[in-house]
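Worksheet: one structure, shown below.
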Amino acid sequence: MDDLTLQKIAISGPTLASIIQRFSFSHGAVDGLLFGHVTHIAPSNLSDDHASSSSLSDSSSPIATITGFLCSGTTHSFYDSAGQIDPLTLRRLLGDLDQQHSLIGWFSGRRKTHIRPSFREFSVTSSLSSNTHLSFPVKNALGNTNLNPCVFLLLASPLQDQTIHTHEYRAYQFRTSTGSFEPKSIDIVNIGPAFRGHYGSFSPNSPFPILPCELRTSPMSEDQNDDTLGGMKLFSKDQRELDMCAEGFEVGRLSRLMGSEAVNYTAVLEDLYSKMLNKVESLARLAEKSSARVLEQENHNRKLRYKVARSAALE
Amino acid sequence: MSAENVPPLIAAQLNYLLNHFPLPVKIEQMWSGSKNYPGILDRFTLVVPYCLDFLKWDLIYDAELPMCAPDIIFGAEDETFHQFVARGGVDGEGNSKSPKNCLSDWNNKDPMRLMVLVQQLRDLYMSYQRRRVGEVDDDRLKFEISTIVSREGIEMHMSSGVEKPEEVKFSVPLLDMNLNKMVPGCPWRHQQKIYLQVVYPVGKKYVSTPSPPRLKLLSTSELKTLFSIEEVKLPSWLDGMCMAEYLPHLEESLEKQVLEAVSLIDVRRRFIEASALPFGRPIEADPVFCRRATFLAASGVFTFLVHFFISTQFPKQQPTLMLQSSQHFNSQGAPIKSPHLNEYPWSPRWEPLQMAERIFEFLVDEALSFKRYCNEAHHQH
Chain W
1 MDDLTLQKIA ISGPTLASII QRFSFSHGAV DGLLFGHVTH IAPSNLSDDH ASSSSLSDSS
61 SPIATITGFL CSGTTHSFYD SAGQIDPLTL RRLLGDLDQQ HSLIGWFSGR RKTHIRPSFR
121 EFSVTSSLSS NTHLSFPVKN ALGNTNLNPC VFLLLASPLQ DQTIHTHEYR AYQFRTSTGS
181 FEPKSIDIVN IGPAFRGHYG SFSPNSPFPI LPCELRTSPM SEDQNDDTLG GMKLFSKDQR
241 ELDMCAEGFE VGRLSRLMGS EAVNYTAVLE DLYSKMLNKV ESLARLAEKS SARVLEQENH
301 NRKLRYKVAR SAALE
Chain P
1 MSAENVPPLI AAQLNYLLNH FPLPVKIEQM WSGSKNYPGI LDRFTLVVPY CLDFLKWDLI
61 YDAELPMCAP DIIFGAEDET FHQFVARGGV DGEGNSKSPK NCLSDWNNKD PMRLMVLVQQ
121 LRDLYMSYQR RRVGEVDDDR LKFEISTIVS REGIEMHMSS GVEKPEEVKF SVPLLDMNLN
181 KMVPGCPWRH QQKIYLQVVY PVGKKYVSTP SPPRLKLLST SELKTLFSIE EVKLPSWLDG
241 MCMAEYLPHL EESLEKQVLE AVSLIDVRRR FIEASALPFG RPIEADPVFC RRATFLAASG
301 VFTFLVHFFI STQFPKQQPT LMLQSSQHFN SQGAPIKSPH LNEYPWSPRW EPLQMAERIF
361 EFLVDEALSF KRYCNEAHHQ H
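Chains as they are written, first to last, in UniProt numbering: chain W, 1 to 315; chain P, 1 to 381.
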């Protein structure tokens with residue numbers, strides 16, 4: 001299990017940008033958790049040439065894809081000063097996030113420091129990747145392969161202020177077999193015609209819920225269905241799931257998107273898309289509002305901390 | 001460390017480290033990593049002596065969280081040191097003394113903690129390097145290590161780089177004597193020591209006779225006022241020799257030379273005391289090593305100072321003299337001084353009083369030409 005070496009670490013442009021943004025807007029150093037998946041990907045450039053065996057062995061190793069992150073806004077968020085993981089705080093931080101996404105590693109961002117893992121970062125990563133409770137399955141693996149969270153993303157800024165080059169980052173895989181960091185290349189996945197090659201290796205991580213929509217042939221059967229109590233319950237459950245990704249779109253309208261009638265309902269489909277966008281926007285607004293509150297509280301905390309440090313020194 | 005902008009809790013820890021660490025540690029660079037308080041310094045490059053070289057470790061505090069324990073970034077060439085520390089040293093030695101324990105119950109109000117941490121890490125670094133050297137596949141090295149490893153205070157370092165050839169460096173402390181105690185009224189804060197640096201090129205398997213190691217004698221910096229290490233001639237290294245054979249001879253001759261150097265302090269003292277007869281009591285003199293003395297002299301109404309600089313080779317080497325006028329000043333307002341004077345009659349076999357009297361006689365003439373020199377320099381302004 002330990003000897004599973006990652007080929008590279010992939011991250012989407014917006015995710016990386018948003019990690020850097022959190023780091024660069026924070027008051028001090030930050031850390032956080034990285035979510036995503038580790039997947040074996042069938043090489044898309046299969047060729048008859050067997051001479052390139054090196055590339056074959058390379059492409060047979062899995063790719064870690066970072067799809068999301070949780071930034072604590074401070075340091076020591078799930079470990080102590082010596083870098084020992086505190087399982088309780090980690091669990092609290094994770095909440096139920098790891099039921100949908102696998103925790104594949106963590107990141108640390110610190111200003112004006114050399115871009116090399118520090119003493120504490122080594123301990124945290126080593127402790128995280130030896131924690132078997134956190135292991136997750138590798139997708140598309142031959143057989144049942146599990147991996148512990150072993151990805152470490154290090155962010156730093158140069159020692160001297162520079163106008164253009166403002167941030168540095170490096171990704172590592174921690175190998176428990178050797179007890180050391182292995183630098184990994186980072187593949188930034190972007191969307192656009194120039195990045196078409198990336199599509200094949202990228203899988204979405206917020207899929208549309210699977211809703212049982214039958215093909216209904218007559219309007220009569222629709223009425224029957226809705227009348228029964230069980231049907232009502234099922235209907236409201238489906239509606240709740242749909243509400244998670246689209247705002248104000250009735251489940252009943254989904255059935256019209258299937259079958260021979262569907263051609264006539266492109267407008268309904270467009271409406272679904274626009275309501276999905278609305279949902280995303282209202283979520284963004286919520287996040288923005290709560291971020292502002294968090295910032296306010298952080299500023300307050302910072303002032304208090306500063307006061308305490310001053311008074312402690314005077315004692 | 002005198003920087004004003006270091007948070008008080010951190011400054012207390014750093015000051016304790018700099019003042020109480022058994023070896024002279026320094027802070028090479030300090031800077032701020034803070035966004036809100038760009039003037040507050042919370043990053044420090046610590047320079048720790050090791051194996052006649054230095055380890056540069058970055059101490060990373062956070063101005064936002066001054067109560068928190070610092071983090072450390074080791075040198076770029078010591079990547080595998082992390083692993084060694086994580087495993088608790090060679091055989092999990094002394095878990096209660098591990099840096100991890102020190103960090104996990106960090107107390108920001110205890111200024112000693114940082115020093116303890118650095119000491120523990122340096123000790124671990126020493127055993128880390130010893131293990132790396134032990135892993136080198138070289139028969140001669142294996143033999144050398146097995147014969148001298150019992151010597152106290154020996155440090156080793158394995159250097160390997162992409163472009164550099166592999167080398168193993170030893171720092172061997174010489175002379176099992178307390179040099180600080182040999183000097184009465186010794187002002188040295190750190191223990192002074194003489195070291196032999198031995199650098200072995202790591203042998204290529206097919207070379208029949210391994211090349212001799214590179215040898216260099218080094219001493220702690222303050223010892224130079226007593227004993228000049230550059231003057232010592234190293235015995236030659238014979239083919240097929242090993243350190244265990246070489247060191248006793250070297251130590252024997254070195255011990256003689258150090259004892260002589262200590263006895264020379266008294267020779268210099270007697271000379272300064274004797275000079276008081278022709279010159280009068282010195283205005284200023286170095287009472288511990290007797291390397292400097294200053295007398296007031298006059299030639300008619302022209303009064304001037306005579307500075308004596310006495311080398312560790314005295315009386316073989318005569319003192320260097322410098323005259324300084326008390327009446328003539330240059331355009332910057334500094335007193336006019338003569339160049340160093342070394343050319344005057346001298347014999348190391350003279351009695352101290354005769355030495356002082358001959359210098360006095362020489363200065364009677366020299367004072368006149370110095371006065372002329374002063375007047376000319378003075379008139380130019």
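Note that CB positions come from ideal geometry on N, CA and C, so glycine has one too.
Predicted, not measured: the structure shown is a model, and the values here were computed from it.
Residue-level contact to chain P via CB, residue i, 8 Å cutoff
i, result
"S291 (chain W)", "no"
"D98 (chain W)", "no"
"D105 (chain W)", "It is worth fixing the name first, because residue 105 (chain W) is Gly in this sequence and not Asp. Chain P contact via Cβ: absent."
"G248 (chain W)", "no"
"L84 (chain W)", "It should be noted that the sequence gives Gln, not Leu, for residue 84 (chain W). Closer than 8 Å: yes."
"G73 (chain W)", "no"
"F152 (chain W)", "no"
"S130 (chain W)", "no"
"G68 (chain W)", "no"
"R253 (chain W)", "no"
Residue-level contact to chain W via CB, residue i, 8 Å cutoff
i, result
"Y373 (chain P)", "no"
"E77 (chain P)", "no"
"R291 (chain P)", "no"
"Q129 (chain P)", "no"
"G94 (chain P)", "Any answer about G94 (chain P) is weak, because its pLDDT of 49 lies below 50 and its placement is not dependable; what the coordinates show is given next. Cβ-Cβ to chain W under 8 Å: no for G94 (chain P)."
"R132 (chain P)", "no"
"Q83 (chain P)", "yes"
C-alpha gap between residue i and residue j, whole angstroms
i, j, result
"S55 (chain W)", "I63 (chain W)", "Note on S55 (chain W): pLDDT 44, under 50, position unreliable in the model; no value is reported."
"V183 (chain P)", "A261 (chain P)", "10 Å"
"A377 (chain P)", "R281 (chain P)", "30 Å"
"M276 (chain W)", "T266 (chain W)", "15 Å"
"R268 (chain P)", "I310 (chain P)", "8 Å"
"A10 (chain W)", "A17 (chain W)", "13 Å"
"N107 (chain P)", "C68 (chain P)", "8 Å"
"D58 (chain P)", "F44 (chain P)", "6 Å"
"V47 (chain P)", "Y246 (chain P)", "32 Å"
"N5 (chain P)", "D176 (chain P)", "43 Å"
"N101 (chain P)", "A82 (chain W)", "7 Å"
"F78 (chain W)", "T15 (chain W)", "22 Å"
"I229 (chain P)", "A63 (chain P)", "45 Å"
"D58 (chain W)", "N146 (chain W)", "A caution first: D58 (chain W) carries a pLDDT of 48, below 50, which makes its placement in the model too unreliable to give a value."
"P7 (chain P)", "L18 (chain P)", "16 Å"
"R120 (chain W)", "D71 (chain P)", "6 Å"
"P210 (chain P)", "Q160 (chain W)", "46 Å"
"K371 (chain P)", "Q191 (chain P)", "46 Å"
Cβ-Cβ distance between residue i and residue j below 8 Å
i, j, result
"G134 (chain P)", "I148 (chain P)", "no"
"V151 (chain W)", "I104 (chain W)", "yes"
"L272 (chain W)", "A246 (chain W)", "yes"
"H167 (chain W)", "I20 (chain W)", "yes"
"I60 (chain P)", "I40 (chain P)", "no"
"T132 (chain W)", "F174 (chain W)", "no"
"V136 (chain P)", "V172 (chain P)", "no"
"L321 (chain P)", "F308 (chain P)", "yes"
"K316 (chain P)", "P345 (chain P)", "no"
"S215 (chain P)", "L196 (chain P)", "Sequence check: residue 215 (chain P) is Leu here, not Ser. In contact: L215 (chain P) and L196 (chain P) (Cβ atoms closer than 8 Å)."
"G109 (chain W)", "V189 (chain W)", "no"
"G68 (chain W)", "G36 (chain W)", "yes"
"I115 (chain W)", "R170 (chain W)", "yes"
"V258 (chain P)", "V202 (chain P)", "no"
"L341 (chain P)", "L250 (chain P)", "no"
"M156 (chain P)", "C242 (chain P)", "no"
"L103 (chain P)", "R305 (chain W)", "no"
"Q327 (chain P)", "F302 (chain P)", "yes"
Distance cut-off 7 Å: residue i Cβ against heavy atoms of the ligand ATP
i, result
"I210 (chain W)", "Among the ligands in the structure shown, none appear at all, so the ligand ATP cannot be discussed."
Report the residues of the region 5–26 of chain P with a CB closer than 7 Å to any CB of chain W, ordered along the chain. So the close ones are P7, P8, L9.
Against chain P, which members of the region 107–118 of chain W pass a CB distance test of less than 9 Å? Per Cβ criterion, the list reads R110, R111, K112, T113, H114, R116, P117, S118.
Any chance you could list the alpha helix (DSSP H) runs of at least 4 consecutive residues sitting entirely within the region 155–187 of chain P, in chain order? Taken in chain order, the unbroken stretches of alpha helix (DSSP H) that lie wholly in the region 155–187 of chain P and span 4 residues or more are 179–182.
Runs of beta strand (DSSP E) wholly within the region 65–132 of chain W (minimum 3 residues, chain order): Runs of the beta strand (DSSP E) lying entirely within the region 65–132 of chain W and spanning at least 3 residues, in chain order: 102–110.
Residues of the region 227–249 of chain P in Cβ contact with chain W at a cutoff of 7 Å, in chain order, please. Cβ contacts with chain W come from no residue of the region 227–249 of chain P.
Residues in the region 59–74 of chain P with C-beta within 9 Å of chain W's C-beta atoms, listed in sequence order? Listed by position, the residues of the region 59–74 of chain P near chain W (Cβ gap below 9 Å) are I60, D62, A63, E64, L65, P66, M67, C68, A69, P70, D71, I72, I73, F74.
Please go through the region 289–353 of chain P and give each complete beta strand (DSSP E) segment of 3 or more residues, from N-terminal end onward. Taken in chain order, the unbroken stretches of beta strand (DSSP E) that lie wholly in the region 289–353 of chain P and span 3 residues or more are 292–299, 302–309, 320–329, 335–337.
Residues within the region 144–177 of chain W neighbouring chain P, beta-carbon criterion of under 9 Å: When C-beta distances to chain P are compared with 9 Å, the residues of the region 144–177 of chain W below that value are S157, L159, Q160, in chain order.
Selection of the region 29–57 of chain P by Cβ proximity to chain W, strictly under 8 Å: Within the region 29–57 of chain P, the residues whose Cβ lies closer than 8 Å to some Cβ of chain W are W31, S32, G33, S34, K35, N36, R43, listed in chain order.
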